[in-house]
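Written out below as structure tokens is the structure these notes cover.
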């Protein structure tokens, strides 16, 4: 890890933040397509919640090994910019075949290609921030950068809502057109990044960043983070993590698995039982993402006041109540404006709870782990979150289709109860400032 005693001209150029626009637009492209798996599978392909679960699980499954591959490759060759370009240009190219998709298998294949190629930018987006700035600015720069990325996601969702509302009933290929628009926004992002981001003149090892880790501001139904510092790497050594830490990581996996049981079929439930349209599903996602980004700004204050264990307990118990109530009443819900509004509000409220969960989990993981294994531990945590999304998404479609939404929601509630009882016993009461610093991701 190198440092400079003088102000580097490259760092001065970086401080202008002109290239934040590249990540604002790329995340807008991602936000634009966030609700499309349930919408495309149900409305465009005319399929059911089982197919939505399968598609979501496969998309997440493609992302996890791709993230590891691109992360290891970029670290090996110590290059950053080229991988961002590959991710954005690859996102553009891989989405264009959506024009010719009329069945589930081709749709899944296109999504796999998109997830694998576009994931190349994720492990390097944070590293290029770090390597282009002085160490004293890392946290501030990364925090602002990632908040801009979350705003981009909300902007993309808002644009999608307006686009669908304006062109509704005017085209049978409306959802396909959204994918194509997203593709060209990725191309625009690539052009901006090419012109604005310099290739770093110094390299920083991820092992030297054990005290910095990212927290996802927005909870997504498939594994597609905007940035990750630490990932599971096969060459990171065999230092034991300890039984307590391994069990805590298992608890985070169990909770993510349970969350996916609820979240993946929820939009399809709103479509099938409440008569939700494409616009209303987009509004549902805007509320979820927007409230998640808003709540993140206050999570730190709440944690400082009551501690991470209590804030985590509050968020998890609230989710248990919501999951349980929906499981109990979903079989009597019917198409009406009132039920639909309630469903939209509930989905938004669930998004507002995510930052309490994500921050508490990552803070606890860093505090429980030994300093020498902290970065590796966060890598395991990120990967297990992805695995929870894969298996939760897969099982949610099966249960919802062949047993029922009510049973699926109740199983999710039961698993969150189990996970909550296990994880709260092992969550420190308050975060230790020496354990590491988190930035939104």
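Numbering (the numbering used here), first residue to last: -14 to 426. We put the CB at the ideal spot given by N, CA and C, even for glycine.
By the beta-carbon neighbour count (other beta carbons within 10 angstroms, threshold 16), residue 244 is buried.
For a cut-off of 8 Å, the C-beta gap from residue 332 to residue 400 is around 19 Å, too long to register as a contact. A check of alpha carbon separations from residue 268 across 49, 140, 31 identifies 140 as the nearest. According to the DSSP assignment, residue 100 belongs to the alpha helix (DSSP H) that extends over 89 to 103.
Proximity to residue 382 across 373, 393, 372 peaks at 393, based on C-alpha coordinates. Distance from the Cα of residue 386 is smallest, within the candidate group 17, 287, 32, for 32.
Shown here, residue 145 sits in a helix according to DSSP, grouped into three states. In its chain, beyond the 5 residues on either side, 305, 308, 309, 312 have a beta carbon closer than 7 Å to the beta carbon of residue 398. For residue 318, the secondary structure class from DSSP, reduced to helix, strand or coil, is coil. In this structure, the CA atom of residue 160 is about 7 Å from the CA atom of residue 29. Straight through space, the alpha carbons of residue 323 and residue 108 are spaced by roughly 43 Å. Residue environment analysis places residue 60 among the buried positions, since at least 16 neighbouring C-beta atoms fall within 10 angstroms of its C-beta.
For residue 174, the uninterrupted alpha helix (DSSP H) run begins and ends at 159 to 181, by DSSP. For a cut-off of 8 Å, the C-beta gap from residue 67 to residue 40 is around 30 Å, too long to register as a contact.
In this structure, the CA atom of residue 82 is about 39 Å from the CA atom of residue 125. Restricting attention to 142, 298, 37, the CA atom closest to the CA of residue 163 is found in 142.
Exposure of residue 282 is indicated by the presence of fewer than 16 other C-beta atoms within 10 angstroms of its C-beta. Between residue 177 and the set 263, 413, 257, 70, the nearest pair of CA atoms involves 70.
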